[in-house]
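Down below is the structure, laid out as structure tokens.
2 protein chains.
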Amino acid sequence: MEASLLRIEPLPGFTPTIGRLVGMLTYARSTTLAAVKGLCVTDLDHLHDDRSNSIGALLAHVAVVEQAYQVLTFEDRELSADEDSKWAGALKLGAEGRRTLRGKPLEYYIEQLATIRQHTLDALASRDDGWLERSVRAAPKINMHWAWFHVAEDEINHRGQIRWLRARLPQQAGGV
Amino acid sequence: MEASLLRIEPLPGFTPTIGRLVGMLTYARSTTLAAVKGLCVTDLDHLHDDRSNSIGALLAHVAVVEQAYQVLTFEDRELSADEDSKWAGALKLGAEGRRTLRGKPLEYYIEQLATIRQHTLDALASRDDGWLERSVRAAPKINMHWAWFHVAEDEINHRGQIRWLRARLPQQAGGV
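Residue numbers (the numbering used here), protein chains in the order written: chain B, 1 to 176; chain A, 177 to 352.
Structure, rendered in structure tokens:
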């Protein structure tokens with residue numbers, strides 16, 4: 001693992017507290033990518049049992065959660081009906097996700113994650129530590145900092161599940 | 177959920193960046209406790225398959241990881257041979273954990289987690305944001321802030337697994 005991922009500290013290009021938060025987001029992402037490295041479409045689509053989400057669906061979920069929080073915080077508004085319906089399968093997972101989130105190679109998910117993340121980094125770079133403490137208009141109980149911590153936290157939660165599921169894929173020798 | 181858990185911001189009794197970190201640790205812990213609420217000894221000891229860790233073992237792991245990072249950061253030293261051997265079952269999980277981490281009620285784990293957490297909070301309250309950026313002597317690639325972010329991150333990873341395992345406990349109607 002790159003040495004820079006193992007330190008949480010101010011980062012060039014961001015105000016100090018935003019830099020520390022970006023360090024957490026980046027570290028979390030690096031562990032997600034490590035957890036899915038080398039998986040093929042069959043692995044990504046595999047359902048461990050009839051209530052499980054596939055690893056691919058969990059990656060799609062991670063991406064769309066970040067996208068939803070971009071709307072909630074950078075645009076400071078609720079999701080539109082369109083966004084809500086377009087993202088519902090990946091946001092809510094479950095039966096709908098099992099039906100629709102299939103057949104994509106790892107590169108598809110990785111590219112989606114990277115594109116969305118780049119937008120997050122650009123938007124965070126143009127904000128400051130004062131912004132981070134503001135309440136989110138569409139959900140005033142949370143503040144911007146909690147929202148972005150939660151994006152990392154939700155990803156880490158599902159990475160824990162991805163590791164568990166990967167270790168039990170058919171024909172996987174080891175697991176992580 | 178308490179409103180204060182949904183904001184990451186400076187906290188009374190801590191320097192500002194440490195306060196934000198404490199907010200993350202506290203939020204993560206609250207979700208772990210919610211994920212295990214109401215479980216009995218049989219639930220806590222249940223093994224989903226022959227390679228799974230029980231939910232109880234995962235709680236013991238969360239506690240001992242925090243304890244190990246207390247040594248690494250607050251005492252700024254490596255684990256002693258004694259600590260290493262005493263904590264190995266819970267730190268490494270797997271076969272040894274499956275054999276030894278059994279038969280305890282939820283209250284046992286909760287009390288262990290709370291006692292260890294109190295020590296963390298007391299120690300963090302007596303340190304400052306400058307300390308948080310220092311390298312950890314026993315593992316100089318990481319800094320104190322990463323170490324404590326990692327304590328939360330490891331807990332969240334396993335909470336993701338706990339939620340998955342809980343939803344599949346025998347005779348559980350729903351899951352979380």
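Cβ coordinates follow ideal geometry from the N, Cα and C atoms, glycine included. Quantities reported herein were computed from a predicted structural model and do not represent experimental measurements.
F190(A) has a beta carbon lying at 7 Å or more from every beta carbon in chain B. Rounded to whole angstroms, the separation of the alpha carbons of G279(A) and L72(B) is 45 Å. Considering only beta carbons, the part of the stretch 131-165 of chain B lying closer than 7 Å to chain A consists of E133, K141, I142, N143, H145, W146, F149, E153, I156, N157, H158, R159, G160, Q161, W164, in chain order.
Around I8(B), the beta-carbon contacts reaching into chain A at under 7 Å are N319, H321, W322, F325.
Separation of R342(A) and H321(A) (C-alpha to C-alpha, rounded to the nearest whole angstrom) is 31 Å. Around the Cβ of G160(B), a 10 Å sphere holds 16 or more other Cβ atoms; the residue is buried. One Cα belongs to V327(A), the other to V217(A), and the distance between them is close to 25 Å. Neighbourhood of R205(A) in chain B, by CB distance below 9 Å: empty, with the nearest CB roughly 12 Å away. Residues of chain B with a Cβ closer than 8 Å to the Cβ of A266(A) do not exist, since the nearest Cβ in that chain sits about 17 Å away. With respect to the C-alpha of S228(A), the residue from E272(A), L255(A), W263(A), S256(A) having the closest C-alpha is E272(A). Secondary structure at A314(A): coil, using DSSP grouped into helix, strand and coil. When the beta-carbon positions are compared, F14(B) and A125(B) come within less than 7 Å of each other. Fully enclosed beta strand (DSSP E) runs of no fewer than 3 residues are not present anywhere in the stretch 10-74 of chain B. Here the stretch 75-94 of chain B lies against the stretch 126-138 of chain B, with 3 or more beta-carbon pairs under 8 Å apart. Identification of residues in the stretch 235-257 of chain A having a C-beta nearer than 7 Å to some C-beta of chain B yields an empty set. Residue environment analysis places Q67(B) among the buried positions, since at least 16 neighbouring C-beta atoms fall within 10 angstroms of its C-beta. Around the beta-carbon of H237(A), 16 or more other beta-carbon atoms lie within 10 Å, marking it buried. In terms of Cβ geometry, G195(A) and L201(A) do not form a close pair [threshold 7 Å]. For N319(A), DSSP records a beta bridge to S311(A). Short of 7 Å from the beta carbon of I8(B), and not among the five residues preceding or following it, lie these beta carbons of its own chain, in chain order: R20, G23, M24.
The C-beta distance from R168(B) to H48(B) rounds to 6 Å, short enough to meet the 8 Å contact threshold. In the three-state reduction of the DSSP assignment, R99(B) falls in the helix class. Nearest in C-alpha terms to D298(A), of all of D305(A), F250(A), N333(A), G270(A), is F250(A). By the CB criterion at 7 Å, E309(A) and N319(A) fall inside the cutoff.
Scanning its chain for C-beta atoms nearer than 6 Å, with the 5 sequence neighbours on each side dropped, one finds around L235(A) the residues Y285, in chain order. Using beta-carbon distances, A299(A) does not count as an interface residue toward chain B, since no partner is under 7 Å.
With a cutoff of 7 Å on beta-carbon distance, A35(B) and L101(B) are scored as not near each other.
With 16 or more other Cβ atoms inside 10 Å of its own Cβ, H46(B) counts as buried. With 16 or more neighbouring CB atoms inside 10 Å of its own CB, R205(A) falls in the buried class.
Taking 7 Å as the threshold, the shortest C-beta distance from A179(A) to chain B falls below it. Contact between E287(A) and T208(A) does not hold, since their C-beta atoms are separated by about 14 Å, which reaches or exceeds 8 Å. Nearest C-alpha to P170(B) among A63(B), S54(B), P16(B): S54(B). If you draw a straight line from the Cα of K268(A) to the Cα of S85(B), it is about 43 Å long. From the beta-carbon of R99(B), no residue of chain A is found nearer than 9 Å; the closest lies around 19 Å away.
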